[in-house]
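> Below you will find the structure I want to go over with you.
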Amino acid sequence: MKKTRRWLPGARWLVILPPYAWMLLFFAIPFAIALKISFAHSLIAMPPYSDLITWNGTGSPTISLNTANYLFLLTDNLYYKSYLSSLEIASISTLLCLLVGYPIAYAIARLPTSTRNIALMLVILPSWTSFLIRIYAWMGILKNNGLLNNFLIWLGVIHEPLHILHTNVAVYIGIVYAYLPFMVLPLYTNLVKLDLRYLEAAYDLGARPWKVFLKITLPLSRSGIIAGSMLVLIPAVGEFVIPELLGGPDTLMIGKVLWTEFFDNRDWPVASAVSTIMLILLLVPIVIFHHYESKELESKLT
Amino acid sequence: MASEPTAATSASANGAGGAVKAGRLGAESYVRMENIRKEFDGFVAVDHVTLDIRQGEIFALLGASGCGKSTLLRVLAGFERPTLGKVLVDGQDLTPLPPYDRPVNMMFQSYALFPHMTVEQNIAFGLKQDKHSKDEISKRVAEMLGIVQMTKFAKRKPHQLSGGQQQRVALARSLAKSPKLLLLDEPMGALDKKLRSQMQLELANIIERLGVTCVMVTHDQEEAMTMAHRIAIMEAGRIQQIGTPDEIYEQPSNRFTAEFIGSVNLFEGSIDEDEKDFVTIRSPALEFPIHVGHGLTGFEGQEVAFSLRPEKVAVSKEEPGDPHNKARGIIEDVAYFGSHSVYHVRLPSGIKVMANFVNTQRWASERFTWNDEVWLSWGENAGVVLTS
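So the sequences go chain by chain: E and V.
So the first sequence is numbered by this note's numbering: it starts at 1 and just counts up by one.
So the second sequence is numbered by this note's numbering: it starts at 1001 and just counts up by one.
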């Protein structure tokens, strides 16, 4: 390919500028601040951390990087346990979301065009009410004398109320419920584009419906599965409200740890270190996702 | 299902030409569609279709879009259940069977090659659905790749292939299971014009060499004529005529087929004399009577149409000697095609007649030009009398 000079006319800069400005303003700068704080000392002052750069009497600056916050995360196994437990809860929730969301997305994609938008609306509609209120509502449903238990006792399925609220089960229910639209939407956009002739061709070649799903539909919807899973997994790892409201004392999630460090212990440097590590952990799946995306895009262009 | 290719009945891979090819086919019916009717929400897509297709035959369903030909193909494949009627292949009633249980394979219109599988995996897909050993499958795949000359491209993905190559793979995939019946849905639809004529012959040759019975659907009459042994012309869900390509062209059985295939001059008229060995037709469009060199029996006085193909009409400056089968007119339009020219001649009655003139000599077309007065004439067996 011929190399052309990378020069962009003025109007193109204008188009490219907003996303870069957005990223700089709302991602890069806040992250740089958090990173800076994570290398500081905790102080009882306002702000509650030390400066990285100190000016001594002769006027030359001294930079002191305090790595103790990171080392501290290693010494106390609460942190690595919370990271692991967060990843575990988020991964299992993502899987559950996929299992619930895939059939929903598939069914919507196969609906006649006129009813499709209504069905999609129904998926999105709950998100129009406050997230907090919806999670509170789940407390009412799941508690010992809540809707679910009363209903099951009334049916005669159980005699003692099930202890669901303030356990990990409630956290799973909450996360799956709250993040389901983020799984359904990318899956739907993928499945609705699926060329039905591929399915017919597979039937024609002797594949039974279940085999057609496994060999054709599922692999062809891979990019939708990856996109949906990322959209659920990444925010679920750092989730705070759901484990706080629905989880129990043994629900360990990094979001809760972060809250404790930040507000209860007022240890901003440690809290910053916790969030920096979390970001690095989440960067791994994002990079993998991006790698797949660009590979797929490349293969489509060639 | 059989893993070996269907025994090629009497296949040899020479040339085109309907009449020659039809000679070596089994005479009995191998695929039978019996009184098929298909309705969609009260709309009748296919009605009263009965078809008998011989073993090893390439049979084309030809018609404009919406004529029901694709519905008929989908009924054969099993994607549509007929409202009425039966589909029999090799004596077996397929009507209640789902597509995956039928010994029928289809090459889809734009091939529908699985984009996430390589060429090899695409061809192996059908074989994997039956319990074959890995060795058997890879042997058969290699064989199919050889037949369509795609061995070099076995590891490629469909999007890395050209249109013609994709078509070969699609053909190999649909033939890999040695179906009793092969269906082709607009096989050349996705190819550009130049590649089309080449692939038409190549596809027909491969299908004939393997001796597979084949039903194809097309809206392109040239394609049907080159590839098929027999053609069924469909209109509004019904079959208008079945015949070899030359039968359909030279002996259309009704006005629709005559007008649908190729171009034609139609003269409305009535039968004047109906003798044992000739017929005379009077048409208000023509000054002179039409003389047909064979009897019709029982049609005297009836309104008919006389169909005359443009290439059967001769153009001259001098008046022909015969007292019939001629017309005088003025050249109104000339369409020059290089190999031949088409003259549009306006008769005194106002009717326009097309006449082809083959340019056998260089600059021959310069002999006639716009506004020339010319005589048109034709032989006594040049046209067809259509009674319906």
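Beta carbons are placed, not taken as given, at the ideal position from N, Cα and C, and that holds for glycine.
Determine the chain V residues that contact E:R116 at a beta-carbon separation under 7 Å, and present them in chain order.
Within 7 Å Cβ-Cβ: nothing; E:R116 doesn't reach chain V, min ~20 Å.
> What does a CB cutoff of less than 7 Å around V:R1156 pick up in its chain, not counting 5 residues either side in sequence?
Excluding positions up to five away in sequence, the list reads T1118, V1119.
> By a C-beta neighbour count over all protein chains shown, 10 Å radius and 16 as the cutoff for buried, is V:A1002 buried or exposed?
Residue placement at V:A1002 is flagged as unreliable, the pLDDT there being 38, under the threshold of 50; the coordinate-derived value follows with that caveat. V:A1002 is exposed by the Cβ-count criterion.
> Here's a check: name, in chain order, each residue in its chain whose Cβ is nearer than 7 Å to the Cβ of V:D1093, leaving out the five neighbours to either side.
K1086
> Taking the alpha-carbon positions, what's the V:A1228 to V:E1222 distance?
10 Å
> Quick check on V:S1197: does DSSP put it in helix, strand or coil?
helix
> Are V:A1355 and V:Y1336 close, meaning C-beta to C-beta below 7 Å?
The answer is no: Cβ separation not under 7 Å.
> To the nearest angstrom, how far is it from the Cα of V:D1101 to the Cα of E:P181?
A direct Cα-to-Cα measurement between V:D1101 and E:P181 gives close to 38 Å.
> So the candidates are V:E1208, V:T1257, V:A1236; which of them puts its Cα closest to the Cα of V:D1246?
V:T1257
> Have a look at V:R1081, V:L1062, V:P1252, V:I1123 and flag the residue whose alpha-carbon is nearest the alpha-carbon of E:A201.
V:I1123
> Taking the alpha-carbon of E:T75 as reference, which of E:I286, E:L279, E:L25, E:V270 has the nearest alpha-carbon?
The residue from E:I286, E:L279, E:L25, E:V270 with its alpha-carbon nearest to that of E:T75 is E:V270.
> So what does DSSP say about V:A1355, is it helix, strand or coil?
strand
> So, using beta-carbon positions, are V:A1064 and V:T1218 closer together than 7 Å?
Cβ atoms of V:A1064 and V:T1218: not closer than 7 Å.
> When you compare each of E:L52, E:N265, E:L35, E:L220 to E:L65 by their alpha carbons, which one comes out closest?
E:L52
> So E:A207 contacts chain V; which residues on that side make the cut at Cβ distance below 7 Å?
Contacts between E:A207 and chain V, judged by CB atoms closer than 7 Å, involve Y1100, Q1129 in chain order.
> Please list the residues of the segment 211-232 of chain E that have a C-beta atom closer than 9 Å to any C-beta atom in chain V, keeping them in chain order.
Taking 9 Å as the Cβ-Cβ cut-off against chain V, the residues of the segment 211-232 of chain E that qualify are K211, V212, K215, I216, P219, L220, R222.
> Does E:D204 have its Cβ less than 7 Å from a Cβ in chain V?
True, the Cβ-Cβ gap to chain V drops below 7 Å.
> By Cβ distance below 6 Å, which residues in the same chain neighbour E:Y198 in space, the five residues on each side in sequence not counted?
Cβ neighbours of E:Y198 beyond the five flanking positions: I216.
> Which residues in chain E sit within 7 Å of V:A1077, going by Cβ to Cβ distance?
D204
> Residues of chain E with CB closer than 8 Å to the CB of V:K1177, please, in chain order.
L205, G206
> Quick one: grab the DSSP three-state call for E:R134.
helix
> Which residues, in order along the segment 88-103 of chain E, keep a beta-carbon less than 7 Å from a beta-carbon of chain V?
none
> Cβ of V:F978 within 7 Å of Cβ of E:L214?
In the structure displayed, chain V extends from 1001 to 1388; residue 978 of chain V sits before or after that span and is not available.
> Taking the alpha carbon of V:Q1149 as the point to measure from, which residue in V:G1164, V:D1052, V:Q1160 has its own alpha carbon closest?
V:G1164
> Would you say E:R197 faces chain V, with C-beta separation under 7 Å as the test?
yes
> What residue from E:R134, E:E88, E:W259, E:F26 has the CA that sits closest to E:I234's CA?
For E:I234, the nearest C-alpha among the options comes from E:E88.
> Suppose you measure from the CA of E:V176 to the CA of V:P1115; what does that come to, to the nearest Å?
Each residue's alpha carbon lies about 32 Å from the other.
> What is the C-beta distance between V:Q1167 and V:Y1111, in whole angstroms, given that I count them as a contact (C-beta under 8 Å)?
6 Å
> Could you pull the DSSP bridge partners for V:S1029 from this structure?
V:R1054
> Classify V:H1291 as buried or exposed, calling it buried when 16 or more other Cβ atoms lie within 10 Å of its own Cβ.
By the 10 Å Cβ count, V:H1291 comes out buried.
> Does any residue of chain E bring its CB to less than 7 Å from the CB of V:M1106?
yes
> Please return the same chain residues whose Cβ sits closer than 7 Å to the Cβ of V:P1310, not counting the five positions on each side in sequence.
S1263, N1265, V1342, M1354, A1355, N1356.
> What's the call for E:M46, buried or exposed, on a 16-neighbour Cβ count within 10 Å?
exposed
> What is the C-beta distance between E:A236 and E:A90, in whole angstroms, given that I count them as a contact (C-beta under 8 Å)?
4 Å
> Keeping to the same chain, check which residues put their C-beta closer than 7 Å to that of E:Y203; ignore five residues upstream and five downstream.
Excluding residues within five positions, the ones whose Cβ falls inside 7 Å are V212.
> Look at V:V1313 and V:L1296 and say whether their C-beta atoms are less than 7 Å apart.
No, these two residues do not count as a Cβ contact at 7 Å.
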